[in-house]
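Let me begin by presenting the structure, written as structure tokens, before commenting on it.
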Amino acid sequence: MENKSKYPVLENCTIAIIGLGYVGLPLAIEFSKKQRCKISQKILKRKIIGFDINPQRLEELKKGIDSTNEVSEQELLNTSFFDLTNQIESIAQADVFIITVPTPIDAFKKPDLEPIQKASITVGKALKIRAQSLNTTIPIVIYESTVYPGTTEEICIPIIEKESGLFCKESNKNTFACGYSPERINPGDKKRRLKDIIKITSGSSKDAAKWIDFLYGSIIEAGTHLTKNIKTAEAAKIIENTQRDINIALMNELAIIFRLLDIDTLDIIEAASTKWNFIKFKPGLVGGHCIGVDPYYLTYKAESMGYTPEIVLAGRKINDDMSNWLAEKLILEMTKKNFLLSSSNVLILGFTFKENCPDIRNTKVYDLIKKLEEYNLNLEIVDPWVNPIEAEKVYGLKVNKKHSKKIKYDAIVCTVAHHEFIKKHKSDWENIINKNGIIFDLKGIVPRELNAIRI
Ligand SMILES: NC(=O)c1ccc[n+]([C@@H]2O[C@H](COP(=O)([O-])OP(=O)(O)OC[C@H]3O[C@@H](n4cnc5c(N)ncnc54)[C@H](O)[C@@H]3O)[C@@H](O)[C@H]2O)c1
């Protein structure tokens, strides 16, 4: 690597991770491992400082508790963080700052950049303190949060420059370098972990980009992909999720059509996927803070440039309306079977936004429940993965870990394919559903003999 000496020493630099959530914590743990560098084969001896503004999160992590379930207690307790802190002074000794804070949307579906702006202020302040130390290497700031193309250079770097008094220009004396490397993990997926997924990297200069690429290359087994500039890396991440959103929207639209034609969409997909170039997406609820949110970052930027995207916004609308459509279909089926809605017991099986993960942010099951509540059904919500206190706090809903053993439900709606639900046998379902009852199976997990309604 050219001009290696101007940057921190790759194998034993100090790294501060800003934001210790689903993305930040696994990253901090991977960087902290005393493992062999995947490139130089030297032993990595890095100091890792975890920074988060949520004191409760820090306290839990210190006790070995990860409420996101991404990291086991053992792994967490085995990790020697140099510090877990919410103090800016404590991260001022870092050489590398990696920002993994949320990038949500506001009530108007516009990007809410407040967390990333605040994190940039924090890093700017830390860099100002660091600049007064004897450490003369160029510090590196890397963003991993999902953003629209241009955010890092147009919004974040100017904030750091203002707060630190440094410049993101390596021709100057008081400088820092910057990069963007999107996180592509899939929470709940224990097979494809951080180190198994190719890491896209980029940097504010050629040298910085190379350094950042080596930094990730040192821990990522799958390797890295260096893009020619920061905007390309930002855009790559946003289109991954936008493409997924649109593909699911297409399947949702097809499911609506096939319901009218009384054909099972999942059967159709199964048949169609025997062709080599058919892409097997399935219909479903699109919640969470990535797939259902990130396309709005792209549409916001496009609109700011005078272009109104049509396909992306249409896909968003279809996916957002899916909960209402499903609720109406269930009510229709129950009415056809002459159920008296106000005395019907309905079990909602699954509340998280995706399977095998405790994340309930922006779950579309909530929208489904809100719509069903209009019909005065006796609803019971069950999800073994959900923290009931959190569900009560965020949504004002009672979510049980287990369903009642005494009730035979008039309808069951399977919304999430948690492995606890997939492994249920035919008799388990028969034990909890009324003879005349309806099973609404959004994920295709109920044994076929039970004639569940599938979308
Ligand atoms: N979770 C995923 O599946 C996933 C996958 C890929 C990319 N992403 C992206 O990564 C980013 C982070 O997502 P996440 O799921 O880890 O979020 P998260 O909510 O799980 O974690 C974010 C953490 O940042 C902390 N935080 C918020 N503001 C802060 C600040 N100013 N300074 C320091 N800490 C702060 C929060 O307290 C929280 O602990 C988002 O942009 C998201 O879109 C997420």
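Each residue of the sequence shown is one higher than the one before, starting from 1125 at the first, in our numbering. Don't be surprised by glycine CBs; every beta carbon is placed ideally from N, CA and C.
Check: R1440 C-beta below 6 Å from any heavy atom of ligand 1: no
Terminal residues of the alpha helix (DSSP H) in which L1464 lies: From DSSP, L1464 is part of no alpha helix (DSSP H); its letter is neither H nor E.
Stretch-stretch touch, CB-based, cutoff 8 Å, three pairs: the region 1435 to 1449 with the region 1485 to 1495: yes
Buried versus exposed, by CB contacts within 10 Å (16 or more), R1572: exposed
Element boundaries [alpha helix (DSSP H), containing M1334]: According to the sequence shown, residue 1334 is Lys rather than Met. Looking at the DSSP string, the run of the alpha helix (DSSP H) that includes K1334 is 1330 to 1341.
Burial state of M1125 (16 or more Cβ within 10 Å): Summary for M1125: the model assigns pLDDT 48, below 50, so the residue's position carries little reliability; its value from the coordinates is reported in the next sentence. Exposed is the call here.
Straight-line Cα distance separating F1175 from N1210: 5 Å
G1474 Cβ short of 6 Å to ligand 1 heavy atom set: no
Three-state class that DSSP yields for N1298 in the structure shown: coil
Where N1127 sits in the DSSP three-state scheme: Per-residue confidence for N1127 stands at a pLDDT of 42, beneath the threshold of 50, marking its modelled position as unreliable; the derived number appears in the next sentence. Note: N1127 maps to coil in three-state DSSP.
Backbone CA spacing between H1542 and A1535 [nearest angstrom]: 19 Å
Cβ-heavy atom distance, I1142 to ligand 1, below 6 Å: yes
Assigned secondary structure, P1407 (DSSP; H/G/I helix, E/B strand, else coil): coil
Burial state of W1400, where buried means 16 or more other Cβ atoms lie within 10 Å: exposed
Sequence-distant residues of the same chain with beta carbon closer than 8 Å to A1346, five excluded per side: K1319, D1320, I1321, I1322, K1323
Alpha-carbon to alpha-carbon, I1336 and K1286: 23 Å
Sequence-distant residues of its chain with Cβ nearer than 7 Å to V1147 (five each side left out): T1224, E1268, E1307, I1309
Length-filtered (3 minimum) beta strand (DSSP E) runs lying within the region 1490 to 1558: 1502 to 1506, 1533 to 1538
Three CB pairs or more closer than 8 Å across the region 1414 to 1427 and the region 1230 to 1250: yes
Identified DSSP bridge partners for A1438: Answer is none; A1438 lacks a bridge partner.
Same chain, Cβ closer than 8 Å to N1127, five either side skipped, listed in chain order: With a pLDDT of 42 at N1127, under the threshold of 50, the modelled position of this residue cannot be trusted, and the question is left open.
Anticipated Cβ contact below 8 Å, S1329 with A1301, distance rounded: 6 Å
Straight-line gap, L1574 to S1466 (C-alpha atoms, nearest Å): 25 Å
Bridge partner(s) assigned by DSSP for K1233: None, per the DSSP bridge assignment.
E1194 at chain D interface by Cβ criterion, 7 Å: Of the protein chains in this structure there is only one, and it is not chain D.
Bounding residues of the alpha helix (DSSP H) (the contiguous stretch that carries Y1424): 1418 to 1428
Distance CB(E1135)-CB(L1168) smaller than 7 Å: yes
Beta-carbon proximity list for P1226, same chain, < 6 Å, skipping 5 on both sides: P1239
Sequence-distant residues of its chain with Cβ nearer than 7 Å to H1413 (five each side left out): P1226, P1228, R1485, N1486
Beta-carbon proximity of I1153 to V1220, cut-off 7 Å: no
Ligand 1 heavy atom lying under 6 Å from the CB of V1147: yes
8 Å contact criterion, which K1288 and L1251 should meet: CB distance rounded: The amino acid at residue 1288 is misidentified as Lys; the sequence shows Ser. Confirmed, about 4 Å.
Nearest residue (CA-CA) to K1171, options E1394, F1155, I1163, K1162: F1155
Whole-Å CB distance - A1357 paired with S1305, under 8 Å assumed: 7 Å
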